[in-house]
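Engineer: The sequence shown begins at 0 in numbering that gives the first Met the number 0 and counts up by one. Yeah, the Cβ is synthetic: ideal placement off N, Cα and C, and Gly gets one too. Predicted model only: the values in this text are computed from it and were never measured. One structure coming up, written as structure tokens, with questions to follow.
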Amino acid sequence: MPRKLVIVESPNKVRSIAGYLGPDFDVEASVGHIRDLAQPSELPAAEKKGPYGRFAVDVEDGFKPYYVVNPDKKKTVTQLKKALKEADELYLATDDDREGEAIAWHLLEVLKPKVPVKRMTFTEITKEAVTRALDSTRDIDSHRVDAQETRRILDRLVGYEVSPVLWRKVRAGLSAGRVQSVATRLVVERERERMAFVPAGYWGVEARLSTGLGGLDEAARAEGSFTARLAALDGRRVATGRDFTDGGELTASARKASTVHLHEGAAKAIAEAVMRAVPRVAEVEEKPYKRRPAAPFTTSTLQQEASRKLRMNPRETMRVAQGLYENGFITYMRTDSTVLSGQAVAAARAQVAELYGPEYVPAKPRVYAAKTKGAQEAHEAIRPAGDHFRTPAQVSGELSGAQFRLYELIWKRTVASQMADAVGSTATVRVEVPLAPADGGSRDSGHTFSTASLTASGTVITFRGFLAAYEEGRDAERYSEAVAGSAGEAVSGGEAGGAGAAGAGAGGGGAQSREARLPAMIAGQELAALGAEAAGHETTPPPRYTEASLVKALEEREIGRPSTYAATMSTISDRGYVDHRGQALVPTWLAFAVTRLLEENFAELVDYDFTASMEADLDRIAAGEADRVAWLARFYFGADGADRAGSAGSSGSAGAAGSAGGAGQDGERGLRAMLDTLGEIDARAINSVPIGEGMTLRVGRYGPYLESDDGKRANVPADLAPDELTVERARELFARAADDGRELGVDPSTGHTIIAKDGRYGPYVTEVLPAPEGGADAEEASSSGAKKKRTTKKAAGPKPRTASLLKSMDLSTVTLEQALDLLSLPRVVGQDAEGVDITAQNGRFGPYLKKGTDSRSLATEEQIFTVTLEEALALFAQPKTRRGQAAARGPLRELGTDPATGKPVVIKDGRFGPYFTDGETNVTLRRGDDPATVTPERAYELLAEKRAKGPAKKRATRKTATKKTTTAKKKSPSAETGRK
0 MPRKLVIVES PNKVRSIAGY LGPDFDVEAS VGHIRDLAQP SELPAAEKKG PYGRFAVDVE
60 DGFKPYYVVN PDKKKTVTQL KKALKEADEL YLATDDDREG EAIAWHLLEV LKPKVPVKRM
120 TFTEITKEAV TRALDSTRDI DSHRVDAQET RRILDRLVGY EVSPVLWRKV RAGLSAGRVQ
180 SVATRLVVER ERERMAFVPA GYWGVEARLS TGLGGLDEAA RAEGSFTARL AALDGRRVAT
240 GRDFTDGGEL TASARKASTV HLHEGAAKAI AEAVMRAVPR VAEVEEKPYK RRPAAPFTTS
300 TLQQEASRKL RMNPRETMRV AQGLYENGFI TYMRTDSTVL SGQAVAAARA QVAELYGPEY
360 VPAKPRVYAA KTKGAQEAHE AIRPAGDHFR TPAQVSGELS GAQFRLYELI WKRTVASQMA
420 DAVGSTATVR VEVPLAPADG GSRDSGHTFS TASLTASGTV ITFRGFLAAY EEGRDAERYS
480 EAVAGSAGEA VSGGEAGGAG AAGAGAGGGG AQSREARLPA MIAGQELAAL GAEAAGHETT
540 PPPRYTEASL VKALEEREIG RPSTYAATMS TISDRGYVDH RGQALVPTWL AFAVTRLLEE
600 NFAELVDYDF TASMEADLDR IAAGEADRVA WLARFYFGAD GADRAGSAGS SGSAGAAGSA
660 GGAGQDGERG LRAMLDTLGE IDARAINSVP IGEGMTLRVG RYGPYLESDD GKRANVPADL
720 APDELTVERA RELFARAADD GRELGVDPST GHTIIAKDGR YGPYVTEVLP APEGGADAEE
780 ASSSGAKKKR TTKKAAGPKP RTASLLKSMD LSTVTLEQAL DLLSLPRVVG QDAEGVDITA
840 QNGRFGPYLK KGTDSRSLAT EEQIFTVTLE EALALFAQPK TRRGQAAARG PLRELGTDPA
900 TGKPVVIKDG RFGPYFTDGE TNVTLRRGDD PATVTPERAY ELLAEKRAKG PAKKRATRKT
960 ATKKTTTAKK KSPSAETGRK
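Listed below in structure tokens is the structure:
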């Protein structure tokens, strides 16, 4: 019986797909990419001095890449080659996108099969989908491979050329990237806007009106009441937050329209006048209300909505979605398309009729067009897998935690997208109130107004339609309309991701979807004023980006691909470019320095339109409309790049690539020209941000600090956001710095001066040691020009004693006695029965007792000085526990039996944090994995990856012969150049 080998990407897919295909098929996993561009250090010695030595890409010969098999994939490749020897046919079933196509091509290049090869793709792991894929195989799409390879080479060129500039001028270890640098610039620009923002104050009036007049009791009047807001005075609109610039002035359009800027006195006078007058309905307008459901999820909208509703960051969202896809619960999760297949539409409509009733099914299926011009490949939207959707209740026994919540979100969105519109009516009422003479003039006009116009709106939904299943969330808005058609009111806080943002996200659709009913009214009807109140407001700065709103901004500008957004969010965080404050992204001062350097010296690379044009060009390469070699040549060498590419490009493609890489502000300059004309970069200027009054923020090697014109310095707290570093706050920091180096007195036992300092890791005390003997002679010899003999190593002098302040101490008030107590540590508490000293000391992880090699934690820092020998002995008599633990514990969680090994999997708390284990294989939880909520499937996935990598290699003994062996190995067939 002929054997058929199927290679997929993830080991988590193997079991399911093997079950669907039957016994004639062997299913193996590549565990992602098996090879990549070589690091320069991985190149053979002969190649390091050749054209591949700098980038592992020969830029002079058609941008040929030099690939090597990843060290951790050599065992995988060996296993795949062994399986291929037993096969009569090879199916490459990697993911149906550019990365998956490239993985399939690399497998073909490395395995070199001598049997028939077929490319097999599917977008959901169900029996129906896998069976259909088996009957509709194809060849590898070389254009997709070209596009992926172009992107990889492009990122290598940008990273390897620009990053060293950042190392020299800002800080070592930094990186620049095509998308990450643009994302960082967006966050920095928003913070700049917040720093330049000048708040403006304005006042408004809100009245509680009722259709019930004086003859009715209080309950009846309250029943017919509603809230209206002041909208105009004598026909002139009253200013709201939207009418002010970020400089605190009225906008040009507001001034042209003679908008009234109310101050406190006028607003209070109007509120009093409303209570004295008889309000009258001037106009009642009613309009039909209709709202359509949102389109099914794309990768980007799933990340945004999961962030708003589930508080999951993009990386976690994609990880959980990957697990759902691999286990057959949803379709492929990397897609730009909002299109549903015919089977999916039929399944959704059938489920709507079954669960909600036939009236909720629209007459015709809804069709959603692709949201982006370059929607990648022909994927569907993200939806539940299968030709019949499983409801959340049906999968609740198989999914838990984050996986269940994300599946439920996807199911609701998909079903709602094929439901009927929500319909109703919106009524708007305008009420006029005659104003008795009062000081109601505006700040700029000074005259008295005679009539106040108040407005109120209410929406009544008569048929909920899709809202019965799902309502899309929204990001926090700067100014929201609490009553449609009325004056807007500033949202307190002004920062997305704070309390206000949480409410907006969790609450769904915001003001537009809130249902509020107005009492029946007719024009000319008199109303009763139950109360009126003047309230002051202040404009708010632009809200900071959250990961969800930053993803949305990148997608709107068509920068990057949704499949890369999760990695981009992780990168800008891991590189230290942003900090998280709640859900808000706060740029660091390091991000300011990096962004300024790139803006001033590599403007095209961080230009939004230029970066978006590169994505469009990659789409054209994937479609076969542009040649990758000509495009890369133009990008790297400039306008003449296509000529330098010569015959390396594909015939007939040069014209298509003529405009590729030429978009942006200066399409004639290539990356190499940018570097050649770079000129001298003033590192000090790049790393400086003026604060005002001669104070400047400097980005130093060890972090940010303030410097004044006279050279004084002050540390900047790590938790201080850039927009919070005002002139006033800077003065406070300099005042605090005045205590830095404050002399506390002299240690009577040593005669050394004791000082208090504010260091990088917090305040501390230390002693000032006298200058070493011979120091004056050495200085004199130096000044006289005597030639100093170079010594191998400078003699190490005594180090001063230092001790961090306790949390209860303050730099400005710490005393000499307290400092001496701290410097006396460790304190000898006493000895045990065997004569071993017991000491009390303060360590990196808090206060503790030490006896020989044994230790016990103390509850508070003050106990260091108060704990007695009896108390210490009692602590050592107890079993040793971790800080905060009452006693030794078993596993943190039991996750169940690993389907691959049949062994029980648990989470344990180890020395380096929580980890998964099945008793044989251990793997640390990744960043973002919460031990309390992480799913068993996540544990099985990480354990499978760890097992696939094999045991860690032992570090070789350092011998000269080893280097020769290593060099020889690097000339293996696994290192290949170019494309066949």
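Roughly how many whole angstroms lie between the Cα atoms of Lys117 and Glu397?
Structural biologist: Those two C-alpha atoms are separated by around 34 Å.
Engineer: Between which two residues does the alpha helix (DSSP H) holding Met317 run?
Structural biologist: Pro313 to Glu325
Engineer: Could you please give the first and the last residue of the uninterrupted beta strand (DSSP E) stretch that includes Val585?
Structural biologist: Ala583 to Pro586
Engineer: If you measure between the beta carbons of Val430 and Leu517, is that distance less than 9 Å?
Structural biologist: no
Engineer: Any idea what DSSP makes of Asn686, helix, strand or coil?
Structural biologist: coil
Engineer: Classify Arg843 as buried or exposed, calling it buried when 16 or more other Cβ atoms lie within 10 Å of its own Cβ.
Structural biologist: Under this definition Arg843 is an exposed residue.
Engineer: Go ahead and label Ala909 buried or exposed: buried means 16 or more other beta carbons lie within 10 angstroms of its beta carbon, across all protein chains shown.
Structural biologist: Looking at the sequence provided, one finds Gly at residue 909 rather than Ala. Classification of Gly909: exposed, given that the 10 Å Cβ count is below 16.
Engineer: Quick one: using the 10 Å Cβ neighbour count with 16 as the cut-off for buried, is Thr458 buried or exposed?
Structural biologist: buried
Engineer: Taking the alpha-carbon positions, what's the Pro295 to Ser336 distance?
Structural biologist: 9 Å
Engineer: For Phe462, which of helix, strand or coil comes out of DSSP?
Structural biologist: strand
Engineer: Compute the Euclidean distance between the alpha carbons of Val338 and Asp386, then round it to the nearest angstrom.
Structural biologist: 15 Å
Engineer: What span of residues does the alpha helix (DSSP H) with Tyr607 cover, start to end?
Structural biologist: Tyr607 to Ala621
Engineer: Among Leu584, Asp573 and Ala227, which one has its Cα closest to the Cα of Ser548?
Structural biologist: Leu584
Engineer: Suppose contacts are defined by Cβ-Cβ distances below 9 Å. Is Thr427 in contact with Lys286 by that definition?
Structural biologist: yes
Engineer: Verify whether the separation of the beta carbon atoms of Ser528 and Arg228 is less than 9 Å.
Structural biologist: For clarity, residue 528 is Ala in the given sequence; the question names Ser instead. The answer is no: Cβ separation not under 9 Å.
Engineer: Runs of 3 residues minimum, wholly inside the segment 862-939: which ones carry the beta strand (DSSP E) assignment?
Structural biologist: 892-896, 903-909, 912-916 and 921-923
Engineer: Helix, strand or coil for Met694? Go by DSSP, reduced to three states.
Structural biologist: strand
Engineer: What residues are listed by DSSP as bridge partners for Arg235?
Structural biologist: Arg235 has Leu232 as its beta-bridge partners, per DSSP.
Engineer: By how many angstroms is the C-alpha of Pro292 removed from the C-alpha of Gly200?
Structural biologist: For Gly200 and Pro292, the gap between their C-alpha atoms comes out near 38 Å.
Engineer: Quick one: what's Ala534 bridged to in DSSP?
Structural biologist: Paired residues: Gly203.
Engineer: Please report the distance separating the alpha-carbon of Arg333 from that of Val550.
Structural biologist: 14 Å
Engineer: Taking only the alpha-carbon atoms, compute the straight-line gap between Asp809 and Val764 and give it to the nearest angstrom.
Structural biologist: 11 Å
Engineer: For Ala272, tell me which candidate among Glu88, Leu894 and Val432 has the shortest Cα-Cα distance.
Structural biologist: Val432 is the residue among Glu88, Leu894 and Val432 whose C-alpha sits nearest the C-alpha of Ala272.
Engineer: Between which residues of its own chain and Gly912 is the CB-CB distance below 8 Å, once the five residues before and five after are set aside?
Structural biologist: Taken in chain order, the residues that qualify are Thr923 and Leu924.
Engineer: Taking the beta strand (DSSP E) that Val715 belongs to, which residues open and close that run?
Structural biologist: It is not in any beta strand (DSSP E) - Val715 carries neither H nor E in the DSSP assignment.
Engineer: Could you tell me which residues DSSP puts in a beta bridge with His579?
Structural biologist: Leu584
Engineer: Can you pull the DSSP bridge partners for Ile6?
Structural biologist: Within the DSSP secondary-structure output, Ile6 pairs in a beta bridge with Glu27 and Leu91.
Engineer: Count the CB pairs spanning the segment 566-574 and the segment 318-327 that are closer than 8 Å, and state whether there are at least three.
Structural biologist: no
Engineer: Between the beta-carbon of Glu860 and the beta-carbon of Ser823, is there less than 9 Å?
Structural biologist: No, the Cβ-Cβ distance between Glu860 and Ser823 is not below 9 Å.
Engineer: By Cβ distance below 7 Å, which residues in the same chain neighbour Glu59 in space, the five residues on each side in sequence not counted?
Structural biologist: Pro50
Engineer: Whole angstroms is fine: what's the gap from Leu110's alpha carbon to Thr75's?
Structural biologist: 11 Å
Engineer: Kindly give me the distance between the Cβ atoms of Ala467 and Tyr359, rounded to whole angstroms, as I take these residues to be in contact under 8 Å.
Structural biologist: 7 Å
Engineer: Does DSSP put Asp853 in a helix, in a strand, or in coil?
Structural biologist: Strand at Asp853.
Engineer: Given a threshold of 16 other Cβ atoms within 10 Å of its Cβ, counted over all protein chains shown, does Leu942 qualify as buried or as exposed?
Structural biologist: buried
Engineer: State the CB to CB distance for the pair Thr316 and Ala380, rounded to an integer number of angstroms; the pair is presumed to be in contact (CB under 8 Å).
Structural biologist: No, Thr316 and Ala380 are not in contact; Cβ-Cβ is about 15 Å, not under 8 Å.
Engineer: Use the C-beta contact count for Thr865: other C-beta atoms within 10 angstroms, 16 or more gives buried, fewer gives exposed.
Structural biologist: exposed
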